[in-house]
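Letter by letter, the sequence shown follows residues 1 to 119 in full-length UniProt numbering.
C-beta atoms are modelled at their ideal positions from N, C-alpha and C, and glycine is treated no differently.
The structure appears below as structure tokens.
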Amino acid sequence: MNLKRFYDDLGQDYQTVLERVMGKEDFLDMMLHKFTADSTINRLEEAVGRHEAPEIFNQAHTMKGVAENLGLKPLYDKVSVLVEITRGGSVRGVDEAFAQVKQTYAEIIKALETTNSDQ
């Protein structure tokens, strides 16, 4: 996978992301593959469908941390909105916020798949 190009396309500084994993590109590559297989997005979608603020908060907070650690700032920014909405137990606006999360997540997954196929 051309990780530098992937992060450049996201508008992120590849070297900064790489520093988070102590320069271990193989580890970063493995974590991105795990990210694509993770089911947090599905659990988040189910919680949003039920309008369960505590579960939305938990799943969104998990995704926010992963997005930050992997340098996926566009996703981090969108999911942070969902975290803040539900932090106090509100569900007002979660459907709209989740739609933005889901779209950004899909764009990142597509970019990862494209990067993988260009090897």
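According to the DSSP assignment, residue 17 belongs to the alpha helix (DSSP H) that extends over 14-20. With respect to residue 14, residue 24 sits apart: the two C-beta atoms are not nearer than 8 Å. Burial state of residue 114 is exposed, judged by a 10 Å Cβ sphere holding fewer than 16 other Cβ atoms. In the DSSP assignment, residue 49 falls within the alpha helix (DSSP H) that extends over 40-50. Rounded to the nearest angstrom, the gap between the Cα atoms of residue 58 and residue 2 is 32 Å. Cβ neighbours of residue 48 within its own chain (closer than 7 Å, five residues either side excluded): 56, 94, 95, 98. For residue 79, the enclosing alpha helix (DSSP H) begins and ends at 73-87. Going by beta carbons, residue 7 and residue 71 fall inside the 8 Å limit. In the three-state DSSP reduction, residue 28 falls in the helix class (H, G or I).
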